[in-house]
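Visitor: My questions will all concern the structure given below.
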Amino acid sequence: FKLCKVRSVQFGQKGIPYLNTYDGRTIRYPDPLIKANDTIKLDLESNKIVDFIKFDVGNVVMVTGGRNRGRVGVIKNREKHKGSFETIHVQDAAGHEFATRLGNVFTIGKGTKPWVSLPKGKGIKLSIIEEARKRLAAQAAA
Numbered sequence: 514f515k516l517c518k519v520r521s522v523q524f525g526q527k528g529i530p531y532l533n534t535y536d537g538r539t540i541r542y543p544d545p546l547i548k549a550n551d552t553i554k555l556d557l558e559s560n561k562i563v564d565f566i567k568f569d570v571g572n573v574v575m576v577t578g579g580r581n582r583g584r585v586g587v588i589k590n591r592e593k594h595k596g597s598f599e600t601i602h603v604q605d606a607a608g609h610e611f612a613t614r615l616g617n618v619f620t621i622g623k624g625t626k627p628w629v630s631l632p633k634g635k636g637i638k639l640s641i642i643e644e645a646r647k648r649l650a651a652q653a654a655a
């Protein structure tokens, strides 16, 4: 399977609903509850939607753009600004809070359980000092 972020949900000719994903796929007759910014779990063999995750407060997200790219955390708050970018506040597993634009986040799981395996480090960004200490500890061990 593959997780795909929904870019838009529209109606085509003769009123057929379809959705567009971030990777260029178009899927006809999606679940009517799926909206833009949600994430769908797509079966690659049948090209059908298996499940979906709503873009809600409390779900696990991965930041895919901006300064915080690669970080993983839970949505704490969503600020809507008229005529400007929506801001999403995210808290990572270490307890650090950061904010980013709506277009930079990608929901990867319901609640605090991600649907995909996370890389080593679990998406936590270390400070420069913490990285240096980790490198020194690795050199001392070797």
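Here the sequence shown is numbered in our numbering, starting from 514 and rising by one per residue. The C-beta atom is built at its ideal place from N, Cα and C for all residues, glycine as well.
Quick one: what's got a C-beta closer than 6 Å to F568's C-beta in the same chain, skipping five residues either side?
Guide: Contacts found: N550, D551, T620.
Visitor: Going by the CB atoms, is the gap between R520 and N533 shorter than 8 Å?
Guide: Taking 8 Å as the Cβ cut-off, N533 and R520 qualify as a contacting pair.
Visitor: At the level of alpha carbons, what is the spacing between V563 and N617?
Guide: Cα to Cα, V563 sits roughly 24 Å from N617.
Visitor: At 3 residues or longer, and completely inside the stretch 540-610: list those beta strand (DSSP E) runs for me, N to C.
Guide: The qualifying runs are 552-556, 561-566, 573-576, 585-592, 600-605.
Visitor: The beta strand (DSSP E) with H647 in it runs from where to where?
Guide: Residue 647 is actually Lys in this sequence, not His. Counting along the chain, K647 falls outside any beta strand (DSSP E), though it belongs to the alpha helix (DSSP H) covering 641-654.
Visitor: Mind checking which residues open and close the beta strand (DSSP E) that includes F619?
Guide: First-last of the beta strand (DSSP E) with F619: 618-623.
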